[in-house]
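According to numbering that gives the first Met the number 0, the stretch in the sequence shown is residues 0 to 203, in order.
Note that the Cβ used here is the ideal one computed from N, Cα and C, for glycine as well.
A short worksheet on the structure shown next.
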Amino acid sequence: MTQCGKFITFEGIDGAGKSTHIGFVAEFLASRGKTVVSSREPGGTPLGEKLRDLLLHEKMHLETEALLMFASRREHIAQVIAPALERGDWVLSDRFTDASFAYQSGGRGLDRAKMEALEQWVHPTLQPDLTLLFDVPLAVARQRLDATRTLDKFEREQADFFEKCRNEYLRRAAEHPERIVVVDSTQTIEAIQLRLAEVLEKLL
0 MTQCGKFITF EGIDGAGKST HIGFVAEFLA SRGKTVVSSR EPGGTPLGEK LRDLLLHEKM
60 HLETEALLMF ASRREHIAQV IAPALERGDW VLSDRFTDAS FAYQSGGRGL DRAKMEALEQ
120 WVHPTLQPDL TLLFDVPLAV ARQRLDATRT LDKFEREQAD FFEKCRNEYL RRAAEHPERI
180 VVVDSTQTIE AIQLRLAEVL EKLL
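Structure representation (structure tokens):
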């Protein structure tokens, strides 16, 4: 795929605070003259949003869950991500395939080889140019979640599930240091944004 724009993904366990910073990154890039497309997974397209509702609220077999995640992702790439990159836009996505490894493989225990096969099938030549992994201790993440909203089926999981998700995220970061930047999300918003600006300037 011809790629002229840049693709940035935002990752972290529920409550890590990643969503807080997507707007900042979008504004930062826009101030540098970039056209920014912001999206999310699961979702990002009309079909993806329908799948999102199923994925976040319906009980299903683990492999069904993984397959639906990648089905939503395939549509997201075809309808949103690939066209935007080809136009030269910068795409920001709240979660991408690292989240599937963290949640379905790390948290739920799906064989990692199956995840790798799905990744190779759905986007063999596309990887983010930058992944911002917002990392916090589990206790901090849970405290933040408890103070917010009605929780979906993932957010209601037990502590050991999120510990496994976090560990898989950190394993992925160690495996792909060229694209995954771990951000200490226990810092103040101002300190985090200074760090993000520093990382983005390098990408620019």
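Taking 6 Å as the cut-off, is the CB of residue i close to at least one heavy atom of the ligand GDP?
i, result
"residue 193", "Ligands displayed in this structure: none; no statement on the ligand GDP is therefore possible."
Bridge partners of residue i, per DSSP?
i, result
"residue 202", "Paired residue(s): none; residue 202 is not in a bridge."
"residue 10", "132"
"residue 93", "9, 39"
From residue i to residue j, what does the alpha carbon distance come to, in whole angstroms?
i, j, result
"residue 26", "residue 173", "29 Å"
"residue 0", "residue 189", "Per-residue confidence for residue 0 stands at a pLDDT of 49, beneath the threshold of 50, marking its modelled position as unreliable; the derived number appears in the next sentence. Computed Cα separation, rounded: 37 Å."
"residue 68", "residue 20", "23 Å"
"residue 195", "residue 162", "25 Å"
"residue 105", "residue 93", "19 Å"
"residue 139", "residue 16", "10 Å"
"residue 59", "residue 119", "24 Å"
"residue 12", "residue 86", "31 Å"
"residue 157", "residue 200", "38 Å"
"residue 36", "residue 112", "31 Å"
"residue 56", "residue 66", "16 Å"
"residue 191", "residue 43", "26 Å"
Starting from the C-beta of residue i, find all residues in its chain whose C-beta is less than 6 Å away, skip the five residues before and the five after it, and write them out in chain order.
i, result
"residue 107", "61"
"residue 33", "89"
To which residues of the same chain is residue i closer than 7 Å at the C-beta, ignoring the five residues directly before and after it?
i, result
"residue 6", "80, 84, 90, 127, 128"
"residue 203", "31"
"residue 47", "41, 71, 74, 75"
"residue 183", "134"
One question on the structure: do residue i and residue j come within less than 7 Å of each other, judged by their Cβ atoms?
i, j, result
"residue 168", "residue 132", "yes"
"residue 130", "residue 8", "yes"
"residue 171", "residue 100", "yes"
Could you spell out the range, first to last residue, of the beta strand (DSSP E) harbouring residue i?
i, result
"residue 79", "Looking at the DSSP string, residue 79 is not in any beta strand (DSSP E), and its letter there is neither H nor E."
"residue 183", "179 to 183"
Quick one: give me the first and last residue of the alpha helix (DSSP H) that residue i is part of.
i, result
"residue 33", "From DSSP, residue 33 is part of no alpha helix (DSSP H); its letter is neither H nor E."
"residue 119", "111 to 121"
"residue 127", "Segment: none, residue 127 is in no alpha helix (DSSP H) and carries neither H nor E."
"residue 45", "45 to 56"
Does residue i have its Cβ less than 7 Å from a Cβ in chain C?
i, result
"residue 43", "Here there is only one protein chain, and chain C is not present."
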